[in-house]
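Asker: For the sequence shown, the UniProt record's numbering begins at 1 and goes up steadily by one.
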Amino acid sequence: MKRITIAIDGLSSCGKSSTAKKVSEHLGYPYIDTGAMYRAATLYFLQNNISSDDQTAVTAALDNIQIGFHRSEAMTNDVYLNGVNIESEIRKMYVSEKVSLFSAIPAVRHLLVAQQQKMGENGGIVMDGRDIGTVVFPKAELKIYLTASPEVRAQRRHLELVEKGENVGLEEIAENLRLRDFNDMNRAESPLIKAEDAVLIDNSEMTFDEQVQLTIDLANQQI
Ligand code: C5P
């Protein structure tokens, strides 16, 4: 059976990661959350007091950043920064507030894109992010561009963070999503845009299971 590359891009908090994870489990493919890689790099810069305004310092620090994925006891693919599990730390608001500033820096993107291309060089992978179908794997057999209304996305993200015990308001989240979408869509280096050959799915009115099934059906057409 052919092992295809599935690229899932889209706006912040529209369910890319949870969809990608489910689809990867169904197909038996590895899943890579590239947002987690940008978040991990951002955490490193913040921990080391490196500002996104100082591109020379950011570029110099890249050699000290090792990002890896390992299966946790809960069987999730946790992200590690220099050997430390940072899966829950990178989801916090202070990282979300800065990540799109660091991810706009070309040297950061070049490093992480090269790592992502290496992880998927043999196909049979599901990867989600902002530039997977346009830059990382422009020849992916299946490209999905996910979107949902700003209200639905903010509510989903709010629920997710509250469940994790983070005390954060809906309006603060909505503002963070607005800002990140704006930064991600307007940066000079590989901005978030729908690849011409991507299938657009607006999941505002869909259940999670419906969107997973739709993606699996689209994947099966390519296999
Ligand atoms: O997917 P997630 O919301 O965790 O991504 C966090 C941030 O990482 C995005 O807002 C974006 O700035 C950056 N990102 C990116 N390219 C990707 C994945 C994420 O620029 N492929």
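Yeah, the Cβ is synthetic: ideal placement off N, Cα and C, and Gly gets one too.
DSSP has Lys143 in a bridge; who is on the other side?
Answerer: Walking along the sequence shown from the start, residue 143 turns up at place 143. Partner(s): Ala7.
Asker: On a CA-only basis, which of Asp9, Ser13, Glu25 is nearest Asn176? Give me that one, please.
Answerer: Looking up residue 176 in the sequence shown gives position 176. Ranking the options by Cα distance to Asn176, first place goes to Ser13.
Asker: Taking the alpha carbon of Ile86 as the point to measure from, which residue in Tyr38, Ser103, Leu27, Ala107 has its own alpha carbon closest?
Answerer: Within the sequence shown, the letter at position 86 stands for residue 86. Nearest option by C-alpha distance: Tyr38.
Asker: Mind checking whether the beta-carbon of Val168 lies closer than 7 Å to any heavy atom of the ligand C5P?
Answerer: Position 168 of the sequence shown, counted from the first residue, corresponds to residue 168. No, Cβ of Val168 sits at least 7 Å from all heavy atoms of the ligand C5P.
Asker: Measure the C-alpha to C-alpha separation of Gly165 and Asn77 and round it to an integer number of angstroms.
Answerer: In the sequence shown, residue 165 corresponds to position 165, counting from 1. In the sequence shown, residue 77 corresponds to position 77, counting from 1. Each residue's Cα considered, the two are about 21 Å apart.
Asker: So, under 8 Å CB-CB, Thr59 and Ala107 are touching, yes? Tell me the CB distance rounded to an integer number of Å.
Answerer: Position 59 of the sequence shown holds residue 59. Position 107 of the sequence shown holds residue 107. That pair is a contact at about 4 Å.
Asker: Just the C-alpha distance for Arg71 and Tyr80, rounded to the nearest angstrom, thanks.
Answerer: The residue labelled residue 71 in the question sits at position 71 within the sequence shown. The residue labelled residue 80 in the question sits at position 80 within the sequence shown. Whole-angstrom Cα-Cα distance: 10 Å.
Asker: Hey, Ala41 and Ile50 are a contact pair by Cβ (cut 8 Å); roughly how many whole angstroms apart?
Answerer: Stepping through the sequence shown from its first residue, residue 41 is reached at position 41. Stepping through the sequence shown from its first residue, residue 50 is reached at position 50. At roughly 10 Å, the Cβ-Cβ gap does not stay under 8 Å, so Ala41 and Ile50 are not in contact.
Asker: Have a look at His110 and Thr5 and give me their C-alpha separation to the nearest angstrom.
Answerer: Your numbering for residue 110 matches position 110 in the sequence shown. Your numbering for residue 5 matches position 5 in the sequence shown. Each residue's alpha carbon lies about 20 Å from the other.
Asker: How about Ala198 and Asp9: do their beta carbons lie closer than 8 Å?
Answerer: Here the question's residue 198 lines up with position 198 in the sequence shown. Here the question's residue 9 lines up with position 9 in the sequence shown. Yes. Within cutoff.
Asker: Mind checking whether Ile144 and Thr215 have CB atoms under 8 Å apart?
Answerer: Taking the sequence shown and counting its residues from 1, the one referred to as residue 144 is at position 144. Taking the sequence shown and counting its residues from 1, the one referred to as residue 215 is at position 215. Yes, Cβ-Cβ distance for Ile144 and Thr215 is below 8 Å.
Asker: Are the stretch 149 to 158 and the stretch 23 to 32 touching, with three or more C-beta to C-beta distances below 8 Å?
Answerer: No, the stretch 149 to 158 is not in contact with the stretch 23 to 32.
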